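Position 169, counted from 1, in the sequence shown is what numbering that gives the first Met the number 0 calls 168; the numbers after and before it change by one each time, with no gaps.
First up is the structure itself, then whatever we jot down about it.
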Amino acid sequence: MDEGAESPAGGAPPLRAHFFDLDREAVAAWAAERHLPRHLVDQLLDWVYKKGVTDPAAMTNLSKAHRTLFESEFEVLRGRTIVHQSATDGTQKVLLSWRPAAPESGALLPQLSDTVARGSETESVMIPSEDRRTACVSSQLGCPVGCTFCASGIGGLEGNLTSGQIVEQVFRLGRLEGVDRISHVVFMGMGEPLANYAAVTDAIRVLNAPWGLGISARRITVSTVGLPAAIRKFCDFELPVTLALSLHAPSDALRREIIPWAEFSTIGELLDACDEWFHRTGREITLEYILLGGVNDSPAHAEDLATHALRIHANVNLIRYNEVRGIPYSRPSSEDVHAFQETLRARGVNAHIRASRGRDIAAACGQLRHERSAVVP
Ligand code: SF4
Numbered sequence: 000m001d002e003g004a005e006s007p008a009g010g011a012p013p014l015r016a017h018f019f020d021l022d023r024e025a026v027a028a029w030a031a032e033r034h035l036p037r038h039l040v041d042q043l044l045d046w047v048y049k050k051g052v053t054d055p056a057a058m059t060n061l062s063k064a065h066r067t068l069f070e071s072e073f074e075v076l077r078g079r080t081i082v083h084q085s086a087t088d089g090t091q092k093v094l095l096s097w098r099p100a101a102p103e104s105g106a107l108l109p110q111l112s113d114t115v116a117r118g119s120e121t122e123s124v125m126i127p128s129e130d131r132r133t134a135c136v137s138s139q140l141g142c143p144v145g146c147t148f149c150a151s152g153i154g155g156l157e158g159n160l161t162s163g164q165i166v167e168q169v170f171r172l173g174r175l176e177g178v179d180r181i182s183h184v185v186f187m188g189m190g191e192p193l194a195n196y197a198a199v200t201d202a203i204r205v206l207n208a209p210w211g212l213g214i215s216a217r218r219i220t221v222s223t224v225g226l227p228a229a230i231r232k233f234c235d236f237e238l239p240v241t242l243a244l245s246l247h248a249p250s251d252a253l254r255r256e257i258i259p260w261a262e263f264s265t266i267g268e269l270l271d272a273c274d275e276w277f278h279r280t281g282r283e284i285t286l287e288y289i290l291l292g293g294v295n296d297s298p299a300h301a302e303d304l305a306t307h308a309l310r311i312h313a314n315v316n317l318i319r320y321n322e323v324r325g326i327p328y329s330r331p332s333s334e335d336v337h338a339f340q341e342t343l344r345a346r347g348v349n350a351h352i353r354a355s356r357g358r359d360i361a362a363a364c365g366q367l368r369h370e371r372s373a374v375v376p
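Here it is as structure tokens:
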């Protein structure tokens with residue numbers, strides 16, 4: 000397959016292993032089983048992760064036999080880009096299809112090697128800012144949480160992504176035009192990352208590994224709606240990643256209106272788990288708060304949010320809502336957003352307003368997939 004080429008529609012079904020699912024030990028085990036030279040492992044990892052080469056034919060220091068074997072047993076790029084959009088501010092968004100290619104007529108249906116449903120699509124976004132190139136990736140197909148302001152939750156959960164599919168999103172974003180390398184990763188796309196714990200943590204290991212994409216763990220942020228038990232489990236994860244809690248409302252009653260999953264725990268229980276995170280890892284949490292005009296953006300809401308943030312030593316990221324067709328929330332005014340921030344700051348909370356990026360390409364989470372599904376049968 001050519002470098003950067005997509006699996007041809009109607010071609011062979013993806014029965015080969017997904018290279019991005021493997022860590023260094025697994026590649027070494029594969030090589031050892033076939034009595035291949037040890038240095039081949041480093042060569043393969045170097046071609047793919049360091050040089051960004053996915054076409055075995057271009058791996059010029061490999062013997063022809065090794066290139067042929069690699070191509071017959073591995074698929075490096077499994078997804079297919081079905082939409083690629085660039086915004087005027089440099090943000091780029093890709094919609095990937097993980098649909099297996101159709102089998103030839105009369106052939107047996109391919110066995111899926113992952114939990115992905117057929118015809119499934121995920122969104123990934125590359126956000127440039129000064130010297131940063133941030134990859135915002137999806138962890139699941141659809142989302143089980145169903146936040147009422149979010150297009151990703153429409154239709155619920157279709158399945159989990161594999162670690163390889165998460166790594167491939169970052170890899171692909173790093174090869175877009177104008178991107179040298181991805182410096183930061185945020186799990187803020189489709190899905191609840193802690194509900195796909197094993198795949199997300201395996202992917203983070205590959206993203207961070209020196210033989211992998213080499214992205215600093217502190218520059219990898221996992222954003223969760225929050226399940227106290229999952230946050231406690233995440234305290235034991237060996238890499239010093241950043242945790243963000245999507246709070247979005249300062250009271251249980253309002254939070255449950257906005258986030259259906261909030262019925263499973265109270266804000267008090269979540270803050271206890273966040274407090275444990277802070278004391279066990281020594282790392283501060285960021286509270287994410289999407290401002291919905293007239294819903295959760297009053298001065299009283301800001302006061303209550305400040306109390307929560309101070310309790311767990313958290314920074315606050317304020318996100319101004321981006322309108323999504325079919326979802327009945329409005330974008331708050333600039334004045335209201337700044338007044339909200341000022342209330343937090345007056346209480347001593349470190350509060351930032353996250354810049355809206357890519358508004359001209361439907362960059363809100365799940366928006367592109369949602370809008371496409373509205374026009375594509
Ligand atoms: S905001 Fe996040 S958690 Fe909520 S539905 Fe969207 S993807 Fe899921």
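All C-beta atoms in this analysis are idealised placements derived from N, C-alpha and C, irrespective of residue type, glycine included.
On a predicted model such as this, the values are computed, not experimentally measured, just so you know.
Annotated as proximal: L242 and F233, with beta-carbon spacing under 8 Å. Using a Cβ distance threshold of 8 Å, L253 and N295 count as a contacting pair. The three-state secondary structure of P192, taken from DSSP, is helix.
Taking all protein chains shown into account, G141 has 16 or more neighbouring C-beta atoms within 10 Å of its C-beta and is therefore buried. Y328 and V26 have their C-alpha atoms roughly 48 Å apart.
By the CB criterion at 8 Å, F73 and A16 fall inside the cutoff. Taking C-beta atoms as the reference points, P249 and H300 count as a pair closer than 8 Å.
With 16 or more neighbouring CB atoms inside 10 Å of its own CB, N195 falls in the buried class. The Cβ atoms of P192 and V199 lie closer than 8 Å to each other. DSSP, reduced to helix, strand and coil, places P331 outside both helices and strands of the structure shown, so it counts as coil. By the criterion of a C-beta distance shorter than 6 Å, A261 is surrounded in its chain by R254 and R255, once the five residues flanking it on both sides are discounted. DSSP places A150 outside any alpha helix (DSSP H), giving it a letter other than H or E. A direct Cα-Cα distance of roughly 42 Å separates R174 from D251. Annotated three-state conformation of P143 is coil, per DSSP.
For the 8 Å CB-CB criterion, Y320 and L343 do not form a contact. Excluding the 5 residues flanking it on each side, G154 has same chain C-beta neighbours closer than 7 Å at G141, in chain order. Following the DSSP letters along the chain, one finds P127 inside the beta strand (DSSP E) bounded by residues E120 to S128. Runs of the beta strand (DSSP E) lying entirely within the region 205-261, each at least 3 residues long, are 219-223 and 241-245 in chain order. The beta carbons of I165 and A202 sit closer together than 8 Å. Between V40 and E176, the alpha-carbon positions lie close to 29 Å from each other. Annotation: A208 to L246 spans about 31 Å, alpha carbon to alpha carbon.
In this structure I126 touches R356 by the C-beta definition: roughly 5 Å separates them, less than 8 Å. S182 is the residue among S182, V240 and R282 whose C-alpha sits nearest the C-alpha of R131. One thing to note: D20 has its Cβ within 8 Å of the Cβ of S162. Counting C-beta pairs closer than 8 Å gives three or more between the region 274-292 and the region 333-343, which meets the contact rule. Spatial neighbours of E302 in its own chain (CB-CB distance under 7 Å, excluding positions within 5 residues in sequence) are listed in chain order as T342.
For M189, the shortest C-beta to heavy atom distance toward ligand 1 is below 7 Å.
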